[in-house]
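In what follows, a single structure is set out as structure tokens and then discussed.
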Amino acid sequence: MWFTRRSVPEHVPSPKQPRRLALYKYDSCPFCVRVLRRLGQLDLQVELRDTRRDPQHRRYLQEQTGRTQVPCLFIDEQPLFESADIIAWLEAYAAQAEA
Ligand SMILES: N[C@@H](CCC(=O)N[C@@H](CS)C(=O)NCC(=O)O)C(=O)O
Numbered sequence: 007m008w009f010t011r012r013s014v015p016e017h018v019p020s021p022k023q024p025r026r027l028a029l030y031k032y033d034s035c036p037f038c039v040r041v042l043r044r045l046g047q048l049d050l051q052v053e054l055r056d057t058r059r060d061p062q063h064r065r066y067l068q069e070q071t072g073r074t075q076v077p078c079l080f081i082d083e084q085p086l087f088e089s090a091d092i093i094a095w096l097e098a099y100a101a102q103a104e105a
């Protein structure tokens with residue numbers, strides 16, 4: 007299965023100190039769809055930035071990371087690539103919010 011629940015990594019911050027979350031994505035990207043699907047099941051505030059609809063978002067992603075790959079989750083302006091890692095981070099963060 008895609009979305010097996012993982013243990014909470016220690017680096018995941020407490021939602022009592024909420025992080026600014028922004029997901030760079032575009033709709034036809036299957037890895038983005040995977041992240042968005044999981045995100046839809048979690049009660050989290052994440053700004054969505056579509057890199058195909060808005061060239062500014064694509065430019066910013068490239069400037070900050072040297073890459074245009076999506077999905078990329080910015081956590082307080084720190085980029086996190088790889089859909090599996092993004093999902094794991096979001097799940098752990100949401101789990102802390104429930105605790
Ligand atoms: N292993 C990555 C794959 C991500 C990926 O291949 N994204 C594609 C879109 S589906 C992409 O951004 N390609 C353009 C690029 O790398 O600049 C993940 O799971 O997130």
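Residue numbers (the working numbering): 7 to 105.
All residues carry an ideal CB built from backbone N, CA and C; glycine is no exception.
Pair within 9 Å by beta-carbon distance, residue i and residue j
i          : j          : result
residue 71 : residue 85 : yes
residue 48 : residue 97 : yes
residue 27 : residue 51 : yes
residue 93 : residue 29 : no
residue 40 : residue 81 : no
residue 55 : residue 45 : no
Residues of its chain near residue i, where Cβ-Cβ distance is below 7 Å and the 5 sequence neighbours each way are ignored
i          : result
residue 38 : 31, 32, 76, 77
Residues bridged to residue i [DSSP beta-bridge criterion]
i          : result
residue 87 : 78
residue 55 : 30
Nonlocal neighbours in the same chain, by C-beta distance under 6 Å from residue i, ignoring five residues either side
i          : result
residue 58 : 32
residue 89 : 37, 40, 41, 77
8 Å Cβ shell around residue i - same chain, five flanking residues per side excluded
i          : result
residue 35 : 76, 77
By C-beta, the residues closer than 7 Å to any heavy atom of ligand 1, given in chain order: Working through the chain, the matches are 35, 36, 37, 38, 73, 74, 75, 76, 77, 87, 88, 89, 90.
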